[in-house]
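Numbering (this note's numbering), first residue to last: 249 to 579.
Here it is in structure tokens:
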């Protein structure tokens, strides 16, 4: 309850201050820029949230609030980067979680196929919003959608090098979460060949970020590359064993990011029908959850980064869902 109140108070304080900022023409032009910088930098606070439900309930109002500020200045780059990250994160953290639970419930015959379609459309909607904002951000940097589609991997890297700052966290965030949203759209719409053909482009976007920050977002690069190898059949260049190794490397390097273990289970072990490895990983995840819970309750680790809190809250939710349906997952 305190976390929810804290978020609501923040929104109200900013909202009450905006009329003062917009009182004259000069401030009307200045305020969105100032707000964009503050929101872009302050967005990381949400990553420290331990309560998944607080995030789920508060994220969309926050995103709509940012969109309201962007409406005043449609070319505010920080706001576009924030919305790219925000909607992509919401799709992964909330919509994909809802979709997972519905899919498993359908296998247990406790939900209907229509429910799956509803949550799939929601996820596609939020991924599409993130993609659109990411493309708008790139266009302001001098990179068009048409250029992205036409470029080879090498040309794309050069294009991004020429127009973006590879040492700027905002630019890295915008490209990483644009790629994440694009990958999510492809994964949920595999029946669309033209969209599937854009997967190499998405890989190149991830590579541009991961070349500069190999451990970006607590192992996010290794998680994507692991899923990329597992998801493609060997005839199309996929390598499931390499994918499993990449997941394990990410987990070993980021022991406190439990969502990497969830990603290994959901994007590799279940699709590959590795039932024994699934059970082993679930046991390891249970132990890791107990360890992280102890960190939260007792502050027993000085090395733990609280910006992993939201990822871990999500991992705990997924663990409970997977445990609830573990007997029907491999049927």
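Think of the CB as a built atom: it goes at the ideal place given N, C-alpha and C, for glycine as much as any other residue.
### Query
Pick from 380, 379, 344 and 383: whose alpha carbon is nearest that of residue 365?
344
### Segment contact, 8 angstroms Cβ cut-off, at least three pairs: the stretch 403-414 with the stretch 348-364
no
### Query
Going by beta carbon distance, what residues of the same chain come within less than 6 angstroms of residue 429, once the five residues before and after it are set aside?
336, 375, 378 and 379
### Where the alpha helix (DSSP H) containing residue 294 begins and where it ends
Taken as a continuous stretch (DSSP letters only), residue 294 belongs to no alpha helix (DSSP H), as it is neither H nor E.
### Task
Give the secondary structure of residue 271 by DSSP, where H, G and I count as helix, E and B as strand, and everything else as coil.
With a pLDDT of 40 at residue 271, under the threshold of 50, the modelled position of this residue cannot be trusted; read the value that follows with caution. Three-state DSSP puts residue 271 in coil, outside helix and strand.
### Query
In chain order, what residues of the same chain have a beta carbon less than 8 angstroms from the beta carbon of residue 442, not counting five sequence neighbours either side?
Answer for residue 442: no residue qualifies.
### Task
Please name the residue, chosen from 349, 470 and 543, that lies closest to residue 568 on a Cα-to-Cα basis.
349
### Query
Which class does residue 435 belong to by DSSP, given the choice of helix, strand or coil?
The answer is helix: DSSP assigns residue 435 an H, G or I state.
### Query
Between the stretch 292-312 and the stretch 541-558, do at least 3 Cβ pairs fall closer than 8 angstroms?
As far as the Cβ criterion goes, the stretch 292-312 touches the stretch 541-558, which means the pair count is three or higher.
### Task
Report, in whole angstroms, the separation of the C-beta atoms of residue 511 and residue 471, which I expect to be a contact under 8 angstroms.
5 angstroms
### Task
Answer with buried or exposed for residue 404, where buried requires no fewer than 16 other C-beta atoms within 10 angstroms of its C-beta.
Classification for residue 404: buried.
### Task
Pull up the CB-CB distance for residue 474 and residue 445, whole angstroms please, since I reckon it's below 8 angstroms.
Contact doesn't hold; Cβ gap of about 22 angstroms is too wide.
### Query
So, helix, strand or coil for residue 257, using DSSP?
The predicted position of residue 257 is uncertain, since its pLDDT is 40 and thus under 50; a value taken from the coordinates is nonetheless stated next. In this structure, residue 257 counts as helix in the three-state DSSP scheme.
#### Entry: Proximal residues to residue 575 (C-beta, below 6 angstroms), its chain only, five neighbours per side dropped
none
### Query
Looking at C-alpha atoms only, which residue of 439, 412 and 388 is the closest neighbour of residue 456?
412
### Rounded distance between the beta-carbons of residue 347 and residue 329, thought under 8 angstroms
Not a contact, Cβ separation roughly 26 angstroms.
### Query
By a C-beta neighbour count over all protein chains shown, 10 Å radius and 16 as the cutoff for buried, is residue 292 buried or exposed?
exposed
### Reduced DSSP category for residue 574 - H, G, I as helix; E, B as strand; rest coil
If DSSP states are grouped into helix, strand and coil, residue 574 belongs with coil.
### Message
Considering just the uninterrupted stretch of the alpha helix (DSSP H) at residue 339, what are its terminal residues?
### Response
From DSSP, residue 339 is part of no alpha helix (DSSP H); its letter is neither H nor E.
### Task
Return the chain-ordered list of same chain residues with a C-beta closer than 8 angstroms to the C-beta of residue 331, the five sequence neighbours on each side being excluded.
311, 314, 315, 318, 377, 378 and 381
### Task
List the endpoints of the continuous alpha helix (DSSP H) containing residue 516.
It is not in any alpha helix (DSSP H) - residue 516 carries neither H nor E in the DSSP assignment.
### Task
Measure how close the beta-carbons of residue 496 and residue 533 come, nearest whole angstrom, since I'm counting them as under 8 angstroms.
Not really, about 13 angstroms apart at Cβ, beyond 8 angstroms.
### Task
Look up residue 391 in the DSSP assignment and say whether it is helix, strand or coil.
coil
### Query
DSSP on residue 278, reduced to helix/strand/coil?
Reliability of the predicted coordinates at residue 278 is poor, the pLDDT of 47 falling under 50, and no value is obtained from them.
### Message
Applying the 10 Å Cβ sphere with the 16-neighbour rule, what's the burial state of residue 563?
### Response
By the beta-carbon neighbour count (other beta carbons within 10 angstroms, threshold 16), residue 563 is buried.
### Contacting residues, own chain, Cβ-Cβ under 8 angstroms from residue 516 (five flanking each side not counted)
474, 475, 478, 488, 491, 492, 495 and 522
### Query
Comparing alpha-carbon positions, which option in 462, 519, 448 and 481 lies nearest residue 401?
Checking every option, the nearest Cα to that of residue 401 belongs to 448.
### Query
Between residue 520 and residue 577, what straight-line distance do the alpha-carbon atoms span, to the nearest angstrom?
Cα to Cα, the separation comes out at about 12 angstroms.
### Task
Please look up how many angstroms separate the CB atoms of residue 556 and residue 425, rounded, as I've assumed it's under 8 angstroms.
Not really, about 17 angstroms apart at Cβ, beyond 8 angstroms.
### Query
For the putative contact between residue 558 and residue 294, defined by C-beta atoms under 8 angstroms, what is the C-beta separation to the nearest angstrom?
7 angstroms
### Message
Here's a check: name, in chain order, each residue in its chain whose Cβ is nearer than 8 angstroms to the Cβ of residue 464, leaving out the five neighbours to either side.
### Response
These residues qualify, in order along the chain: 420, 424, 457 and 458.
### Query
Using CA coordinates, which residue listed in 341, 535, 333 and 287 is at the minimum distance from residue 665?
Lying before the first or after the last residue shown, residue 665 is absent from the chain, which here runs from 249 to 579.
### Same chain only: Cβ atoms within 7 angstroms of residue 359, ignoring 5 sequence neighbours per side
Excluding residues within five positions, the ones whose Cβ falls inside 7 angstroms are 350 and 353.
### Any alpha helix (DSSP H) of 4 or more consecutive residues that is wholly inside the stretch 521-568
523-546
### Query
Does DSSP put residue 309 in a helix, in a strand, or in coil?
helix
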